[in-house]
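Peer 1: Got a structure for you, questions after.
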Amino acid sequence: MTTTEVTPTHASLPLTGPRLPQWAPALVGLLAVCAAGLLAMLLGWGIVAFAFLAALLFVVALPLWSVSVEGSRGAVDRLTTSLIWVAFAGAAIPLLWLIWTVLSKGLPAINAAFLTYDMRNVVGDDQGGIYHAIMGTLIITGIAALISVPIGLFCAIYLVEYGKGTRLARWITFLVDVMTGIPSIVAGLFALALFVLIFGPQIRFGFGGSVALSLLMIPVVVRSTEEMLRLVPDDLREASYALGVPKWRTITKVVLPTSLGGIITGVMLAVARVIGETAPLLVIAGKTDSVNLNPFSERMTTLPVYIYYSVTQPGTVPFDAPPGAEAPGIERAWGAALVLIVIVMALNLIARLVGRIFAVKKG
Amino acid sequence: MTTTHETEPEVSPPSQRGDRIFAGLAKSAGLVILAALAAVFIFLAVEGIPGVNQPAETYAPLSSFLPYVGRLLFGTVFAALIALVIAVPFALGIALFISHYAPRVLAAPVAYVVDLLAAVPSVVFGLWGARALAPQLVSVQAWLGEHLGFIPFFAGPASVTGKTVLTAGVVLAIMILPIITAISREIFAQTPRLHEEAALALGATRWEMIRYAVFPYARSGIVSAVMLGLGRALGETMAVALVLSASPVVTLNMISNTNPATIASNIASSFAEATPAKLSVLIATGLVLFAFTFAVNFAARAVVARSERKFSR
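Protein chains in written order, with UniProt numbering: chain X, 1 to 363; chain D, 1 to 313.
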């Protein structure tokens, strides 16, 4: 503020304009929360209305203060800054809420029996379990990975090592990108249409689910592998060629080992993406209450499908249950949802760890 | 490895053969992908085209294919647009937050958390939306119906369960938030540093710098990110199927008990008790959905490809 005291004889413009103090946003935020809290308490509003009002007060008050001190341009800047902070806070809420809900409702449902029983002959609120669904998920996703990893890997090798710049490679790259946007239920319908044509209209089996999932998984594997292969420095390849090593030996002995960590990360992230898919498996793998370990015959339940059916057919609340109790299917659904999230998050974390440990060494 | 015991005068023809085999394998893997994409079209068409011409009762509550799929398509686009309207401002805000506004210590964790949001399975989102979010939105929707009822979107009467297309749109918005954020964040971060610094040096505020240096650079990227989010919202099944009990209707009312079904949710909910005739109808609607999302994704990728060429020059 001292710059405004320049003597008028110089008639020079000040080099800095007046600014709000650094603690201004914090002060306004505090005041907004207090004012909104007071109003909410007086009028008996819920937490949603309170948060909304507090955010609104903050977004309005800070630019108003700013426009009186800093002028309109500064005020617009303040306004957008606070809007962006509010957007960030607003988006953090659903994630925290979701995780909290799944944890608080899922944990009570989980015990040793829940993880080791199946749902055969389970009536009402008998102890049921998700063993069959866990096994189904692992088998179907495992086979999907077995199908898509070789195809995806070789396709990426073609794109980076052999087909670079050709018209075919450009088309494949483009269509792989488009393929990442295939709706998952369409993948399921494709598998259904394919196997209905071969085996007749009543066909439902786990392998079909694997085929549908690989359709969703291959583009993810191709994209991540391609990126990793591009990271391998050309010096390494050229050094290998210079020693007389043929191209395919260079790829298997030099390029792939160098980028192994990244490839594994990409594959695990792809698995984590398809392991939570519901729609295709609902269509082609079907639902059963018993353990089925054979992917080539009979229906096979997976965790997401189990959750879906537990919610849509929850059973009835037992008559001797405490008031407010939920139907047994809903409780099991929360438990299964927690198990599923834990699996997905574990895959994600391990994938990132692997990626960090085996990161391509530059230079 | 290369210590061969036989001494051959010629220079390693076997390795040439290995190279040809390997190249062939790689190329055929690429062709398999093209074939798979074509197969999706072909098999859906083979099984689905009979579904266009079935007895009238198969299309209950309607009587022929075109109105049936038309109404479902309306529901699909409607729910996806609600999701976009909610998600895009938040997604762009978070992307800007990560790339330009956040303190260094906060930016990386926030980006990571948004990625985690993308990893949550859709069925869990659906479960959460139906059991946790919907009851909380009842009062909001009642308020909207009471005070903004003159707008056709909020004509009401407000649902007492909260399981409306608005709720489904909110869940969809949360699900497509990560993809829009991730893509636009990358594009914002690619803005040439010199453009930004030049803007700041001319005395621009941070917002003016973003408006005049970052946005023009990122415009096509934002468009394609939004279209990719749209593609995902169009095809999303579980979140809608679990939140809504829907029927093929055309209504702009977002908060009542009568909700338009989407193609994907309609397939999921009427699949279990479908007769073969109904099944072919459902596959035909799936083909329509595929063609529609394919077109949206194709357009989005084409926009990206064009802008990439423009900037690489």
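Glycine included, C-beta positions come from ideal geometry on N, C-alpha and C.
1) For chain D, check one thing: does any of its Cβ atoms lie closer than 9 Å to the Cβ of X/VAL263?
2) Compute the beta-carbon to beta-carbon distance between D/GLY30 and X/LEU168, rounded to the nearest angstrom, for a pair I have assumed lies under 8 Å.
3) How should D/ARG313 be labelled, buried or exposed, when 16 other C-beta atoms within 10 angstroms of its C-beta is the threshold for buried?
4) In angstroms with no decimal places, state the Cα-to-Cα distance between X/SER72 and X/VAL60.
5) Within 9 Å (strictly less), CB to CB, does D/ASN297 reach chain X?
6) By the criterion of Cβ-Cβ separation under 8 Å, what are the contact partners of D/PHE43 in chain X?
7) Beta-carbon separation of X/ALA40 and X/LEU57 under 9 Å?
8) Spatial neighbours of D/VAL69 within its chain, please: C-beta separation below 6 Å, excluding the five flanking residues on both sides.
9) Nearest to X/PHE15 by CA position, among D/LEU92, D/SER280, D/GLY203, is which residue?
10) For a quick check, are the C-beta atoms of D/PRO178 and X/PRO304 less than 9 Å apart?
11) Taking CB distances under 9 Å as the criterion, tell me whether X/PHE319 reaches chain D.
12) Please decide whether D/TRP207 counts as near chain X, where near means a Cβ-Cβ distance under 9 Å.
13) In whole angstroms, what is the alpha-carbon distance linking X/ALA346 and D/TYR112?
14) Looking at D/PRO135: is its Cβ nearer than 9 Å to the Cβ of D/THR164?
15) Whole-angstrom Cβ separation of X/ILE140 and X/LEU340, contact assumed at under 8 Å?
16) At 7 Å on the CB atoms, spell out the chain D contacts of X/LEU157, in chain order.
17) What would DSSP say about D/SER269, mapped onto helix, strand or coil?
18) Looking only at its chain, what residues have a beta carbon closer than 8 Å to the beta carbon of D/ASN53, apart from the 5 residues adjacent to it on each side?
19) Using a beta-carbon distance below 9 Å, is D/ARG313 in contact with chain X?
20) Nearest-angstrom Cα distance between X/GLY262 and X/GLY206?
21) Please classify D/SER256: does DSSP put it in a helix, a strand, or coil?
22) Out of X/ALA89, X/ASN348, X/LEU95, X/THR312, state which residue places its alpha-carbon closest to the alpha-carbon of X/GLY29.
23) Could you tell me the alpha carbon to alpha carbon distance between X/SER240 and X/GLY152, rounded to whole angstroms?
24) If I follow the unbroken alpha helix (DSSP H) through D/GLN141, where does it start and stop?
25) Helix, strand or coil: which one does DSSP assign to D/SER247?
26) Compile a chain-ordered list of the residues in the region 96-107 of chain D whose CB is closer than 7 Å to at least one CB of chain X.
27) So with CB distances below 7 Å, who are the chain X contacts of D/VAL294?
28) So the candidates are X/VAL123, X/GLY124, X/ILE357, X/MET119; which of them puts its Cα closest to the Cα of X/HIS132?
29) Mind checking if D/LEU144 is an interface residue toward chain X, Cβ cutoff 9 Å exclusive?
30) Secondary structure at X/GLY200, three-state DSSP: helix, strand or coil?
31) Determine contact between the region 204-212 of chain D and the region 170-187 of chain D, defined as no fewer than three beta-carbon pairs at a distance below 8 Å.
32) Give every residue of the same chain whose Cβ lies closer than 7 Å to the Cβ of X/SER148, excluding the five residues on either side of it in the sequence, and list them in chain order.
33) In chain order, what residues of the region 67-95 of chain D put their CB closer than 7 Å to some CB of chain X?
34) Among the candidates X/ASN348, X/SER66, X/ASN292, X/SER310, whose CA atom is the shortest distance from the CA of X/ILE275?
35) Rounded to whole angstroms, what's the CA-CA distance from X/ALA193 to D/ILE42? Just pull it up for me.
36) Under 8 Å, with one C-beta from each stretch per pair, do the region 106-116 of chain X and the region 226-244 of chain X reach the 3-pair mark?
Peer 2: This is what the structure gives:
1) Against the first sequence, residue 263 of chain X aligns to sequence position 263. Per the sequence presented here, residue 263 of chain X reads as Ile, with Val not at that position. It does not: the Cβ of X/ILE263 has no partner Cβ on chain D nearer than 9 Å.
2) Along the second sequence, read from residue 1 onward, the residue named residue 30 of chain D stands at position 30. Along the first sequence, read from residue 1 onward, the residue named residue 168 of chain X stands at position 168. Their Cβ separation, rounded to whole angstroms, is 7 Å, which keeps D/GLY30 and X/LEU168 in contact under 8 Å.
3) Sequence index remark: in the second sequence, residue 313 of chain D carries index 313 (1-based). In this prediction, D/ARG313 scores a pLDDT of 46, lower than 50, which makes its location untrustworthy; the coordinate-derived value is nonetheless stated afterwards. It counts as exposed.
4) As a working note, residue 72 of chain X is residue 72 in the first sequence. As a working note, residue 60 of chain X is residue 60 in the first sequence. Distance between the alpha carbons of X/SER72 and X/VAL60: 14 Å.
5) One-based indexing of the second sequence puts residue 297 of chain D at position 297. Chain X, which has a Cβ nearer than 9 Å to the Cβ of D/ASN297, makes this yes.
6) For this step, residue 43 of chain D is matched to residue 43 along the second sequence. By Cβ distance, chain X contributes PHE190, ALA193, LEU194, LEU197.
7) Stepping through the first sequence from its first residue, residue 40 of chain X is reached at position 40. Stepping through the first sequence from its first residue, residue 57 of chain X is reached at position 57. No, the Cβ-Cβ distance between X/ALA40 and X/LEU57 is not below 9 Å.
8) As a first step, residue 69 of chain D is located in the second sequence; it is residue number 69 there, counting from the start. Excluding positions up to five away in sequence, the list reads THR285, VAL288.
9) Position 15 of the first sequence, counted from the start, is the residue given in the question as residue 15 of chain X. Note on residue identity: the sequence assigns Leu, not Phe, to residue 15 of chain X. With distances taken between Cα atoms, X/LEU15 lies closest to D/GLY203.
10) The residue labelled residue 178 of chain D in the question sits at position 178 within the second sequence. The residue labelled residue 304 of chain X in the question sits at position 304 within the first sequence. Their beta carbons are not under 9 Å apart, which means D/PRO178 does not touch X/PRO304 by this criterion.
11) The residue you call residue 319 of chain X lines up with position 319 of the first sequence. No - not a single Cβ of chain D is within 9 Å of the one on X/PHE319.
12) By 1-based counting over the second sequence, the position of residue 207 of chain D is 207. Yes, D/TRP207 counts as interfacial toward chain X.
13) Counting from 1 along the first sequence, the entry for residue 346 of chain X is found at position 346. Counting from 1 along the second sequence, the entry for residue 112 of chain D is found at position 112. The straight-line gap from Cα to Cα measures roughly 14 Å.
14) Here the question's residue 135 of chain D lines up with position 135 in the second sequence. Here the question's residue 164 of chain D lines up with position 164 in the second sequence. Cβ distance not < 9 Å, so D/PRO135 and D/THR164 don't count as in contact.
15) Locating residue 140 of chain X in the first sequence gives position 140, where the first residue counts as 1. Locating residue 340 of chain X in the first sequence gives position 340, where the first residue counts as 1. So it is not a contact: roughly 14 Å between Cβ atoms.
16) For the purposes of this step, residue 157 of chain X is identified with residue 157 of the first sequence, where counting begins at 1. For the sequence presented, residue 157 of chain X should be read as Ile rather than Leu. In chain order: ALA26.
17) The count along the second sequence starts at 1 and reaches residue 269 of chain D at position 269. Helix.
18) For the purposes of this step, residue 53 of chain D is identified with residue 53 of the second sequence, where counting begins at 1. Taken in chain order, the residues that qualify are PHE65.
19) What you label residue 313 of chain D is simply residue 313 of the second sequence in a count that begins at 1. Note that D/ARG313 scores a pLDDT of 46, beneath 50, so its modelled location is shaky; the value from the coordinates is reported in the next line. Taking Cβ atoms only, chain X never reaches closer than 9 Å to D/ARG313, which makes this a no.
20) If you number the first sequence from 1, residue 262 of chain X lands on position 262. If you number the first sequence from 1, residue 206 of chain X lands on position 206. In a straight line, the C-alpha of X/GLY262 is about 29 Å away from that of X/GLY206.
21) Here residue 256 of chain D corresponds to residue number 256 of the second sequence, with the count starting at 1. D/SER256: coil per DSSP, three-state reduction.
22) If you number the first sequence from 1, residue 29 of chain X lands on position 29. Out of X/ALA89, X/ASN348, X/LEU95, X/THR312, X/ALA89 has the C-alpha closest to the C-alpha of X/GLY29.
23) Locating residue 240 of chain X in the first sequence gives position 240, counting from the first residue. Locating residue 152 of chain X in the first sequence gives position 152, counting from the first residue. Using only the alpha carbons, I get a separation of about 25 Å.
24) Here residue 141 of chain D is taken as the residue at index 141 of the second sequence, counted from 1. Residues 134-147.
25) Taking the second sequence and counting its residues from 1, the one referred to as residue 247 of chain D is at position 247. Looking at D/SER247 - three-state DSSP - the assignment turns out to be strand.
26) LEU96, PHE97, TYR101
27) On the second sequence, position 294 is the one that residue 294 of chain D refers to. Rather than Val, the amino acid found at residue 294 of chain D in this sequence is Phe. VAL178, listed in chain order.
28) On the first sequence, position 132 is the one that residue 132 of chain X refers to. Among X/VAL123, X/GLY124, X/ILE357, X/MET119, the Cα nearest to that of X/HIS132 is on X/MET119.
29) In the second sequence, counting from the first residue as 1, residue 144 of chain D sits at position 144. Judged by the 9 Å Cβ criterion, D/LEU144 is not in contact with chain X.
30) Taking the first sequence and counting its residues from 1, one reaches residue 200 of chain X at position 200. Correct three-state label for X/GLY200: coil.
31) no
32) Counting from 1 along the first sequence, the entry for residue 148 of chain X is found at position 148. Correct list, in chain order: SER214, MET217, ILE218, VAL221.
33) PRO89, PHE90, GLY93, ILE94
34) Here the question's residue 275 of chain X lines up with position 275 in the first sequence. Looking at the Cα atoms, X/ASN348 is the closest of the given residues.
35) For the purposes of this step, residue 193 of chain X is identified with residue 193 of the first sequence, where counting begins at 1. For the purposes of this step, residue 42 of chain D is identified with residue 42 of the second sequence, where counting begins at 1. Rounded to the nearest angstrom, the two C-alpha atoms are 10 Å apart.
36) no
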